[in-house]
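Down below is the structure, laid out as structure tokens.
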Amino acid sequence: MSESSSRATGLAALVVRRPLAIVVVALVLGVLGYFGTRRLGIDQELRALLPDDAPSVTRLDAVTDRLGNQSDLYVTIRGPSREANLALGAAIAADLEQRDDIRYVLFRRDPAFFRDNLLLYAGLQDLLDLRQQVIDAIQARVRRELSMFPEDQEASGERDDLGLDEKALRERYGLDREPSEYFERDEGRLVVVRARPTRPNTDISFARGLSRNLKTAIDGIGPKQFHPEIEVTIDGSYAEHTAQASSLERDIISGTAFAFGLLLLVVAIYFRGLRAVPLVLVPLLIAVVTTLAIAWALYRELNLVSAFIFAVTLGLGIDFGTHILSRYRDERRRGLEQYAAIRTTIATTGVSTAGGALSTAFAFLFLVLAEFRGFSQFGVIGSLGIMIAFVAALVVLPALVLVLDRIVPWRVPAAAATQAPGARIVSRELPWLALGTAVVCLVGGVLGAAQLPRIGFEYNLGKLGPPDRTSPEEQQRANEYRDAVGRTQSTDPTIVLTESLPQTEAVNRQLQAILDLEPEQIAEITGLEPYPDTPRKPKPEPKPAPAPKPASGDEEEDEDDVEPDDPKFVRLAELARTRGTVDPAVLEQLKQYPPERLREMDDLLSSVLSIYSFVPELQQEKLEIIRDIRTRIDNKRGSFSDADLEKLKSWERYLQVDRPVGPDDLPPWVKVQFTDMHGELGRFVACWQRGPKSEYAHAKRIHDAFDTIDTPLGPAPAVGSHFVVPEVVDAIRGDGPLVMCAVFGVLIVTALVMFRSVGHAAIVLATVGSALGWLAAVFVWMGWTLNLFNLVALPLLVGMGQDDSLHIIHRYREEGLGRLAHTMRETGGAVVLTTVTTVIGFSSMLFVDHIGLRSLGWTAVVGMTFCLVASLTLVPACLRLGEWLRVRRGE
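For the sequence shown, this note's numbering gives the first residue as 0, with consecutive numbering after it.
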């Protein structure tokens, strides 16, 4: 007795002696696996597709550790009454502030601080202009008082108006820059409450619970009591991610239910009875939930690619049970008893099934070589799932057969006449049909493979998610709340991590300078023409020039009367003139960047925000000017007219500022946005870039341009969720060829070890290669592209095509020469069923809105159909040609 026969006899004896114990243990494992499966989460972030030591991942982890969650939740209030909207907003904000899952809430932004320090936020030249206006007015008043001539007093009276009207000065010197008190638009008919939750929007269970609890709290407040027409919605990424996840789950559940029902029907029809349904599916489901429980123990969460391992394991694992049960049924039809039928099944079909399972499992396991965790995690779980499904089919399925047979005996009909052993005579004539079939299949595969260079890769990951089904009305509503909170700040930014407040200031000044530079200045610094389509900030309207002084009869005398200015204000005027909009020291720093990179930064950057966005520059110089203005006005206060004094009542409070302000002096609603998880203030800068960040080329531009900001205090690393996009695509491009070579290597080695025949191994390789070549032709014909989802299907297709051909060749070698037709009737039928059931399993993905998953489904369905066609045509054709050659050689 051979070693394999001995092992088959031992395993068959174990199954026959302890069938109930085996079934009970399997069911217990299945129940435990179910509870583990329920705890398995899905990490929807792209960072989960990269190894933990990837540059963007380590930086994102650093950002998370320092800053926590960076996504906001928005509660949008719409109603005709601003007062009612603000009252409801205050009530909702107060409720949110009491929640443990909310870090902070922004609703009313008290502008008192910025009003009190208004002049510190004016430009240096604007303050010098204001000072000169006050000087001119006071000098004109002095001349009028000293003049002995009525006509001079009248002329001077036209020039001694201080012009300190608050509204006019705000408009003239651009001082209307304080933040609006509320996030609102349309005169308060739309008001937004902005909150920062403690956990990210990709934590779907958290996002759902937060949305559900928040809706309950809002309903408890009673919006209608504030105004009968008021409406409240929860907007932003939390609501969007929750809606997308719910839609995806509904699609998966409905598609899986349809596919599962179809599987039941197909299995029942093939085996001509309902008994086969639980026999095949119960061991398979136990294997699937056990696999997912192990996945939970290993990873806790699945990434986007491996999230649908359930469908993959279900589709591939059903093959094993189908082959085992089909062979057992055939042996019982031939009159064998249960023990003998189980032993024969394990010794024959069990061996070929083991070969297919091992080769497919090893093909999956080679995915671990990839740095791309979408491949590696999928490979580990997939290989485990395949082997567990194989063991369940080989052990649990026969045990379940025996248990059910004790309850309701399975009356297997006798073999039909057409299934009787046929003649072993092989014709010596050339099998033209087999030759033609083989030539057509191989030529078609070669021609299809020649189309591979024409298959593109989808570099825009944004096109792989759910399609945008937002209606115009919904888009309009979204635009309204984004306008209220600021469009740039409603999307994920690039975060520059700094080590200290001085470094934060240096980074902020650099990036703000890039925004403020004119195209001509960029060209001067880089020596390159700036991109013509780079959006530019609109230039401020020119300030109205001060009224010219009336001509005097004696200009020389007027010039002699002009008091020479203080040298320190002359220096300040020179500083304002030479400094311009950008500090020369910052310009020198920008010149240290490579010209191409600086031009890219200028083209991409759209907005900058840090604690220093709220801290004015040149404060000591501005305070000198403010003190001088205040002193001059105080010295002449007694001679001011009643009209001047009335104007001063509203204006002179702005002149009382006497000390600079720093980050610690800012109001709490500002500081809370820039305080990290460790209580440190201001150690980061947020910046936003234009363009589609999910598109590889554009995301790589952002990554390369802003990867590190160089400052005199050292480099400051930058990162954003979009930095992951180029690293993911680069990882796929690097790992894909390696993985496919490894998978084909496993295919060849498995076939050689199993058959010890180069010819039969070549048939397996040709079958899989032809099927993939035909698939390539379909990709070109249909205009499909490869992407990070459907790439996973390629190793599956190699394993599926190999598995089908292995079963047919193994059964043919078992039956012997001249038994090809018999082999195709029995094993070929099982191969058809396993492919059909696998296709049905993957067809559940065809019902989802997620474009990437749908592409995976179509690739798998079409590819596995081609694997079946190749196995049913090319394999028997090659085997028939092999028979002819052996007869010709007299073997």
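No residue lacks a Cβ here, since even glycine has one placed at the ideal position from N, Cα and C.
What's the C-alpha gap between V830 and L867?
In the sequence shown, the residue the question calls residue 830 occupies position 831. In the sequence shown, the residue the question calls residue 867 occupies position 868. Near 7 Å, if we compare the C-alpha coordinates of L867 and V830.
Give me the DSSP bridge partner(s) of F182.
As a first step, residue 182 is located in the sequence shown; it is residue number 183 there, counting from the start. DSSP lists V191 as partners of F182.
Is the segment 236–243 in contact with the segment 291–303, if contact means three or more CB pairs nearer than 8 Å?
Touching, no.
Quick check: the segment 821–839 against the segment 757–777, are there 3 or more CB pairs under 8 Å?
no
Could you tell me which of F374, L401, A685, G579 sits nearest to A741, measuring between CA atoms?
Your numbering for residue 741 matches position 742 in the sequence shown. With distances taken between Cα atoms, A741 lies closest to F374.
If we call anything under 8 Å between Cβ atoms a contact, is G461 one with E694?
Within the sequence shown, the letter at position 462 stands for residue 461. Within the sequence shown, the letter at position 695 stands for residue 694. Cβ atoms of G461 and E694: closer than 8 Å.
How should R58 be labelled, buried or exposed, when 16 other C-beta atoms within 10 angstroms of its C-beta is the threshold for buried?
The count along the sequence shown starts at 1 and reaches residue 58 at position 59. Classification for R58: buried.
Identity of the residue in V727, L393, W857 nearest G782 by Cα
Taking the first residue of the sequence shown as position 1, residue 782 is located at position 783. Checked all of V727, L393, W857; the closest Cα to G782 is W857.
Please classify K590: is it buried, with 16 or more other beta-carbons within 10 angstroms of its beta-carbon, or exposed?
As a working note, residue 590 is residue 591 in the sequence shown. It is exposed - the Cβ of K590 has fewer than 16 other Cβ atoms within 10 Å.
Sorted by chain position, which residues of the same chain lie with C-beta nearer than 8 Å to L263's C-beta, five sequence neighbours on each side aside?
As a working note, residue 263 is residue 264 in the sequence shown. Only V276, L280 meet the Cβ criterion.
Contact defined as beta carbons within less than 8 Å: I believe S55 pairs with V718. What is the distance between those atoms, to the nearest angstrom?
The residue you call residue 55 lines up with position 56 of the sequence shown. The residue you call residue 718 lines up with position 719 of the sequence shown. About 6 Å separates the two Cβ atoms, so the contact holds.
Taking only three categories from DSSP, how would you classify F90?
Looking up residue 90 in the sequence shown gives position 91. Here residue 90 is Ala; the residue named in the question, Phe, does not match the sequence. Here A90 sits in helix by DSSP.
Report the residue from A93, G464, V231, L13 whose alpha carbon sits nearest the alpha carbon of T75.
Working through the sequence shown from its first residue, we reach residue 75 at position 76. Checked all of A93, G464, V231, L13; the closest Cα to T75 is V231.
Assuming contact is defined by CB atoms lying nearer than 8 Å, are T822 and D803 in contact in what I supplied?
The residue labelled residue 822 in the question sits at position 823 within the sequence shown. The residue labelled residue 803 in the question sits at position 804 within the sequence shown. Not closer than 8 Å, so no.
What's the gap between the Cα of A139 and the Cα of F106?
By one-based count along the sequence shown, residue 139 stands at place 140. By one-based count along the sequence shown, residue 106 stands at place 107. Distance between the alpha carbons of A139 and F106: 48 Å.
Tell me the rounded alpha-carbon separation between W295 and T36.
Here the question's residue 295 lines up with position 296 in the sequence shown. Here the question's residue 36 lines up with position 37 in the sequence shown. Going from the Cα of W295 to the Cα of T36 covers about 7 Å.
Rounded distance between the beta-carbons of D601 and I494, thought under 8 Å
For the purposes of this step, residue 494 is identified with residue 495 of the sequence shown, where counting begins at 1. For the purposes of this step, residue 601 is identified with residue 602 of the sequence shown, where counting begins at 1. Rounded to whole angstroms, the Cβ separation of I494 and D601 is 20 Å, and the two are not in contact under 8 Å.
Starting from Q619, follow the beta strand (DSSP E) in both directions and report where the run begins and ends.
Residue numbering aside, residue 619 sits at position 620 when the sequence shown is read from its first letter. Where Q619 is concerned, there is no enclosing beta strand (DSSP E), although the alpha helix (DSSP H) it sits in stretches over 618–634.
Would you grab the beta carbon distance between L938 and A792 for me? Rounded to a whole angstrom, and I think it's under 8 Å.
Outside the shown range of the chain (0 to 890) lies residue 938, about which nothing can therefore be said.
Rounded to whole angstroms, what is the Cα-Cα separation between I625 and D125?
Taking the sequence shown and counting its residues from 1, one reaches residue 625 at position 626. Taking the sequence shown and counting its residues from 1, one reaches residue 125 at position 126. Rounded to whole angstroms, I625 to D125 spans 11 Å at the Cα level.
In the DSSP assignment, find the unbroken alpha helix (DSSP H) run with L401 in it and report its ends.
Taking the sequence shown and counting its residues from 1, the one referred to as residue 401 is at position 402. Run containing L401: 396–406, per the alpha helix (DSSP H) assignment.
Does DSSP put P534 in a helix, a strand or coil?
Numbered from 1 along the sequence shown, position 535 holds the residue referred to as residue 534. Three-state DSSP puts P534 in coil, outside helix and strand.
Quick check on this structure: which residue in F865, N200, L28 has the alpha carbon closest to the alpha carbon of D491?
Along the sequence shown, one-based indexing puts residue 491 at 492. Here the closest residue by C-alpha is N200.
In this structure, how does DSSP classify G29 when only helix, strand and coil are distinguished?
The sequence position of residue 29 within the sequence shown is 30, counting from 1. Reduced to three states, the DSSP call for G29 is helix.
With a threshold of 6 Å on Cβ separation, who are the neighbours of E96 within its own chain once the five nearest residues in sequence on each side are excluded?
As a working note, residue 96 is residue 97 in the sequence shown. Contacts found: V104.
Let me know if E498 comes out buried or exposed under the rule of 16 or more other beta-carbons within 10 Å of its beta-carbon.
In the sequence shown, counting from the first residue as 1, residue 498 sits at position 499. Label assigned to E498: exposed.
Do I217 and I101 count as a contact pair if the criterion is CB distance below 8 Å?
Locating residue 101 in the sequence shown gives position 102, counting from the first residue. Locating residue 217 in the sequence shown gives position 218, counting from the first residue. Not closer than 8 Å, so no.
Tell me whether the beta-carbon of A83 lies closer than 8 Å to the beta-carbon of H240.
For the purposes of this step, residue 83 is identified with residue 84 of the sequence shown, where counting begins at 1. For the purposes of this step, residue 240 is identified with residue 241 of the sequence shown, where counting begins at 1. No.
Does S605 come out as helix, strand or coil in the three-state DSSP assignment?
Residue 605 sits at position 606 when you count from the first residue of the sequence shown. Strand, per DSSP.
Could you give the C-beta distance for A448 and P282, rounded to a whole number, given that I count them as a contact under 8 Å?
Position 449 of the sequence shown, counted from the first residue, corresponds to residue 448. Position 283 of the sequence shown, counted from the first residue, corresponds to residue 282. Between P282 and A448 the Cβ distance is about 38 Å, and since that is not below 8 Å, they are no contact.
In whole angstroms, what separates the C-alpha of V133 from that of V581?
Residue mapping note: residue 133 aligns to position 134 of the sequence shown, counting from 1. Residue mapping note: residue 581 aligns to position 582 of the sequence shown, counting from 1. For V133 and V581, the distance between alpha carbons rounds to 27 Å.
So Q520 packs on S605, CB below 8 Å; how close in whole Å?
Mapped onto the sequence shown, residue 520 falls at position 521. Mapped onto the sequence shown, residue 605 falls at position 606. The pair is not a contact, with the Cβ atoms about 18 Å apart (cut-off 8 Å).
Nearest-angstrom Cα distance between E44 and T577?
On the sequence shown, residue 44 is found 45 positions in, with the first residue counted as 1. On the sequence shown, residue 577 is found 578 positions in, with the first residue counted as 1. So the alpha carbons of these two residues sit roughly 48 Å apart.
To the nearest angstrom, how far is the alpha carbon of Q131 from that of K670?
The residue given as residue 131 occupies position 132 in the sequence shown. The residue given as residue 670 occupies position 671 in the sequence shown. For Q131 and K670, the distance between alpha carbons rounds to 36 Å.
Tell me which residues share the same chain as Y298 and place their Cβ nearer than 7 Å to its Cβ, disregarding the 5 neighbours each side in the sequence.
Within the sequence shown, residue 298 is the residue found at index 299, counting from 1. Once the five neighbours on either side are set aside, the close Cβ partners of Y298 are Q376.
Is L364 closer than 8 Å to G355 when the C-beta atoms are compared?
Locating residue 355 in the sequence shown gives position 356, counting from the first residue. Locating residue 364 in the sequence shown gives position 365, counting from the first residue. Going by C-beta atoms, G355 is not nearer than 8 Å to L364.
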